[in-house]
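Asker: Could you have a look at this structure, given as structure tokens, before my questions?
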Amino acid sequence: MEFTKVISWRRSVRRFKDQPIEKEKLLQILDAARVAPSSSNSQPWHFIVVDDKDKIGRIARAAPPGTRSIISFSQKAAAIIVACYRKKLTHEIARIFGHENHLIDVAIATDHLVLRATDLGIGTCWIGWFNEKELKRMLKIPSGFKIAALVALGYPAEESTNEGIGGIAPGARKGLSEITSYNTFGVPIS
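The sequence shown maps to residues 873 to 1062 in my numbering.
Dropping the structure here:
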């Protein structure tokens, strides 16, 4: 699929078909994250694919109080990818200057996998509400790693009224003039 179409049509999907994702497609999605750029080529990420329905349910139920209803949809996902990272020396140096490069790195890699999933007709939803302590215990994540985000994946439900890639349709976005400036903040690009 054309790249501009993929980035234009990517949307958060919260209703999934009861259909597993083929392993070949999961590997393609993960490979997109693998080739993402990172500061000093540090590649601090590690992605855990969870497709065990029991574990998916436990991940959703382990959400912090007050957020469980927000992410309850994830129990119906075919898989959840847990995006982890480990800080490296370059990240510690960057942090001295107020930069959180490790988070940027894992976010770029995670967005790569989200875009590849969209390209394959698989819906995704980035989840920031999770109980890190419980997930680290459940998934046996080593102490040197942190969790940056979860991504729920699955084929979009057929009953979706959206048109587009597998039921994923574009939503309203701010205009370019609202989010950009030229040379100085507030100077419009004409």
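Here a beta-carbon is modelled for each residue, glycine too, at the ideal position from N, C-alpha and C.
A quick note: this is a predicted structure, and the numbers were derived from the prediction, not measured.
(1) Which of helix, strand or coil does DSSP assign to residue 971?
(2) Counting contacts by CB-CB distance shorter than 8 Å, is residue 1053 in contact with chain D?
(3) Does the Cβ of residue 891 lie closer than 7 Å to at least one heavy atom of the ligand HEM?
(4) Specify whether the region 982-997 and the region 1043-1056 touch according to this definition: at least 3 beta carbon pairs, one from each stretch, less than 8 Å apart.
(5) To the nearest angstrom, how far is the alpha carbon of residue 889 from that of residue 897?
(6) Roughly how many angstroms lie between the CA atoms of residue 974 and residue 912, to the nearest whole one?
(7) The alpha helix (DSSP H) with residue 1001 in it runs from where to where?
(8) Keeping to the same chain, check which residues put their C-beta closer than 7 Å to that of residue 949; ignore five residues upstream and five downstream.
(9) Round the Cβ separation of residue 934 and residue 1007 to the nearest angstrom and send it over; I've been treating them as touching at under 8 Å.
(10) Which residue's Cα is closest to the Cα of residue 828: 978, 1015, 1019, 946?
(11) Give the straight-line distance between the Cα atoms of residue 1061 and residue 977, rounded to the nearest whole angstrom.
(12) Grab me the residues of residue 1010's own chain with a C-beta within less than 8 Å of its C-beta, minus the 5 sequence neighbours each way, in chain order.
(13) According to DSSP, is residue 982 helix, strand or coil?
(14) By Cβ distance, which residues of its chain are closer than 8 Å to residue 956, with the 5 residues on each side in sequence left out?
(15) Pick out whichever of 970, 882, 876 has its Cα sitting closest to the Cα of residue 1028.
Answerer: Taking the coordinates as given:
(1) coil
(2) This model lacks chain D altogether; it includes just one protein chain.
(3) Absence of the ligand HEM from the depicted structure is noted, as is the absence of any ligand whatsoever, leaving it without description.
(4) no
(5) 16 Å
(6) 11 Å
(7) Per DSSP, residue 1001 belongs to no alpha helix (DSSP H) and is neither H nor E.
(8) 888, 928, 1024, 1025, 1026
(9) 6 Å
(10) Outside the shown range of the chain (873 to 1062) lies residue 828, about which nothing can therefore be said.
(11) 29 Å
(12) 927, 930, 931, 934
(13) helix
(14) 917, 918, 919, 920, 978, 1013, 1017, 1018, 1019, 1020
(15) 882
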